[in-house]
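Below: one structure, written as structure tokens.
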Amino acid sequence: MDPLLERLVSIVPSEQQINWQKLEFTAFFHYGINSFSDREWGTGKEDISIFSPSQLDTDQWCQALKKAEIKGCIITAKHHDGFCLWDTAYTNHSVMHTPFKRDIVAELSKSCEKYGIRFAVYLSPWDMHEASYGSGKEYDDFFCNQLTELLTKYGSLYSVWFDGACGEGPNGKKQEYDWDRYYSVIRSLQPEAVIAVSGPDVRWCGNEAGDCRESEWSVVPTEVFSQSEIAQNSQQADNKEFREKKLDQMTLDLGSREVLKDAKHLIWYPAEVDVSIRPGWFYHQSEDLEVKSLDELKHIYLNSVGGNSVLLLNIPPHRDGFVTDYDVNRLSELGQFIRSTFASSNMKGTNLYASSTDGIHKVENVVRDDESYWKAEDYSGESSITIEFPRFQRVEYIVLQEQIRLSQRVEEFEVWTEDEAGESIMLYKGTTIGYKKICKIRPISIKKMRISFISCRKSPTIKYLSIH
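To convert a position in the sequence shown, counted from 1, into this note's numbering, add 13.
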């Protein structure tokens, strides 16, 4: 028995974190006063009468998401400028005091329910408009009152999303956020929701460019969840360089044995990859021809959803309240790729063999796509699953999932096949698996495949295996 490995596998996700991870692919809607001022960050001094969408249709937003197989969405209920998209009792700086006079959060919530999409909210603690910002408890009272409105009036939320931005308010002061109080309100009113980014449940991946780690660990040192670090690494001002910045080499390894062996405390803190379908996060007509290509989005999808992360793709609605054809067409193409590639598996009729089991969790469980799983014998060294197909199968993608209820365990694995002469050919060499790993290989027809788990924490626990 290895005390370090026993400690590492004792760190497991909450039910909320598991349910969040199962969404896999979600959307961000950045919409607000900036959509009309053609800015990324507002000032809090805008004349809100400019907010007058002529074709707002949240059903159309959700229809666009369905085309892309997106399972949840987040709305910027209030961005840094302080303009509120819902019927709030605590400020006149809201949609209800514009010529539009419609509660957009309510409309999107109803559309999500109609189309079977989970709903969530982004609420900026930084408020450039609110006079009490920077005052301490007075602003915290204001913020918690608004948070309570969002948590109680719009149905079940799967996430409450905070970023780490903390600038000056209209009085030139900065607010010291009472995070523990904010979290307490959320836990009380929406206990099933995860608290993301500047929160204890979901970790920002570290960039807005869609860059993903080769080895993404969900078990990390508690220090990774540090409000001061999150704030320091968050965007401090609107600039293109930040949006295009890749991961820093110093932050690539968050959870290897070497990193964790001396950590005092550990947490389950899974990653979310947030990236915009356009250069900006709010809509700008000048970016209509700069929507990411299908190849770019496929790359991001395969490396985020297929790299132990949830993908949060920003889709900024047009100022008049609809998702443009430029974006809808690209989303439709992406959805077609996802469906045509992953909707069905070529595992029917296969014979499965394992190097060992724990005597309870059999290898046949890996094709069931439920909560059952295969578990190798503990501390048995390198272990493997061998798959024999009834006929030659053309393979381009191999999907693996760990049973993360028992933590994240696989550190290194390889996929092998044989040529006609019986010689072994390596198809793929990987590191972490976690919730899901999508292995893209050179297309090949095979009749036999072996997945070898070279290094694991205690033993591998594989929940699902499929080929496409």
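A virtual CB, placed ideally from N, CA and C, is assigned to each residue, including glycine.
Using a Cβ-Cβ cut-off of 6 Å (strictly less than) and excluding sequence neighbours within five positions of residue i, which residues of its own chain qualify?
i	result
Ser-368	Ser-396, Ser-397
Ile-351	Glu-82
Asn-359	Gln-406, Ile-480
Cys-482	An answer regarding residue 482 cannot be provided, because it is not within the stretch 14 to 481 covered by the chain.
Asn-47	Gly-55, Phe-295
Ala-4	Look at the range of the chain in this structure, 14 to 481, and you will see that residue 4 is not part of it.
Just to confirm, is the Cβ distance from residue i to residue j under 8 Å?
i	j	result
Gly-348	Lys-80	yes
Gln-406	Ile-459	yes
Cys-157	Cys-75	no
Ala-90	Tyr-135	yes
Gly-334	Leu-121	no
Val-288	Glu-384	no
Val-210	Trp-281	no
Val-380	Leu-478	yes
Met-141	Gly-182	yes
Ser-465	Glu-427	yes
Leu-17	Lys-274	yes
Val-118	Leu-164	no
Arg-470	Glu-424	yes
Leu-413	Ile-446	yes
Pro-234	Leu-279	yes
Phe-42	Pro-292	no
Tyr-103	Phe-132	no
How is the beta strand (DSSP E) around residue i delimited, first residue to last?
i	result
Ser-397	396 to 415
Arg-455	450 to 469
Asp-287	284 to 289
Glu-424	423 to 431
Phe-155	Element bounds for Phe-155: not the beta strand (DSSP E) but the alpha helix (DSSP H), 150 to 166.
Ser-479	474 to 480
Lys-442	437 to 443
Tyr-366	364 to 367
Asn-359	That residue, Asn-359, is in no beta strand (DSSP E); it is neither H nor E in DSSP.
Leu-136	131 to 136
Phe-238	Per DSSP, Phe-238 belongs to no beta strand (DSSP E) and is neither H nor E.
Leu-279	279 to 281
Just tell me which of the options has its CA closest to the CA of residue i.
i	options	result
Val-272	Trp-230, Leu-310, Gly-219	Trp-230
Gly-320	Lys-449, Leu-170, Leu-307	Lys-449
Thr-430	Val-286, Arg-455, Leu-419, Val-237	Arg-455
Gly-129	Ser-169, Ile-280, Met-109, Leu-163	Ser-169
Glu-28	Leu-419, Thr-474, Asp-432, Tyr-477	Leu-419
His-106	Gly-95, Asp-338, Pro-66	Gly-95
Pro-473	Gln-416, Arg-343, Gly-435, Met-462	Gln-416
Glu-59	Phe-238, Val-108, Asp-275, Phe-41	Val-108
Ser-239	Glu-227, Gly-223, Asp-214	Asp-214
Phe-175	Arg-194, Gly-212, Ser-228	Gly-212
Leu-307	Leu-279, Asn-342, Asn-316	Asn-342
Tyr-196	Trp-217, Gly-219, Lys-186, Ser-172	Ser-172
Ile-373	Gly-362, Trp-387, Gly-219, Asn-364	Trp-387
Arg-191	Gly-149, Thr-444, Val-207	The sequence given here has Asp at residue 191, not Arg. Considering only alpha carbons, the answer is Gly-149.
Leu-344	Leu-315, Lys-305, Lys-375, Asn-364	Lys-305
Asn-364	Pro-403, Pro-26, Asp-116	Pro-403
Lys-361	Lys-375, His-297, Ile-208, Glu-401	Glu-401
Thr-101	Thr-161, Pro-330, Ala-133	Thr-161
Leu-315	Ile-411, Ser-299, Leu-267, Thr-399	Ile-411
Trp-139	Gln-30, Ser-228, Gly-57	Gly-57
Between which residues of its own chain and residue i is the CB-CB distance below 8 Å, once the five residues before and five after are set aside?
i	result
Val-318	Glu-37, Phe-38, Leu-324, Lys-449, Ile-451
Ser-62	Thr-111, Pro-112
Lys-67	The residue you asked about is not Lys; residue 67 is Ser in the sequence shown. If we look at Ser-67 and ignore the five residues flanking it on each side, its Cβ neighbours are Asp-333, Gly-334.
Ser-23	Ser-420
Quick check on residue i: does DSSP put it in helix, strand or coil?
i	result
Phe-255	Any reading at Phe-255 is ruled out, since the residue's pLDDT is 49, under 50, leaving its predicted position unreliable.
Glu-59	coil
Arg-332	coil
Gly-348	helix
Trp-387	strand
Glu-19	helix
Gln-262	Low per-residue confidence applies at Gln-262: pLDDT is 44, beneath 50, and the placement is therefore not dependable enough to give any value.
Gln-249	Bear in mind that the predicted position of Gln-249 carries a pLDDT of just 49, short of 50, making it unreliable; the figure below should be weighed with that in mind. Gln-249 falls in the coil class under three-state DSSP.
Val-380	helix
Lys-187	strand
Glu-221	coil
Asn-321	coil
Phe-49	helix
Cys-86	strand
Is the closest heavy atom of the ligand SAH to the C-beta of residue i under 7 Å?
i	result
Asp-72	The ligand SAH is not among the ligands present in this structure, which contains no ligands whatsoever.
So the alpha helix (DSSP H) residue i belongs to, where does it begin and stop?
i	result
Leu-310	307 to 317
Phe-96	Where Phe-96 is concerned, there is no enclosing alpha helix (DSSP H), given that its DSSP letter is neither H nor E.
Phe-175	Per DSSP, Phe-175 belongs to no alpha helix (DSSP H); it is in the beta strand (DSSP E), 170 to 175.
Trp-33	28 to 36
Ala-119	117 to 128
In chain order, what residues of the same chain lie with their CB nearer than 7 Å to the CB of residue i, ignoring the 5 residues before and after it?
i	result
Arg-153	According to the sequence as given, residue 153 is Asp; it is not Arg. Excluding sequence neighbours, Asp-153 sits near Asp-191, Arg-194.
Gln-249	Confidence at Gln-249 is low in this model, with a pLDDT of 49, below 50, so its placement is unreliable and the value that follows should be read with caution. Same-chain partners within the cutoff: there are none.
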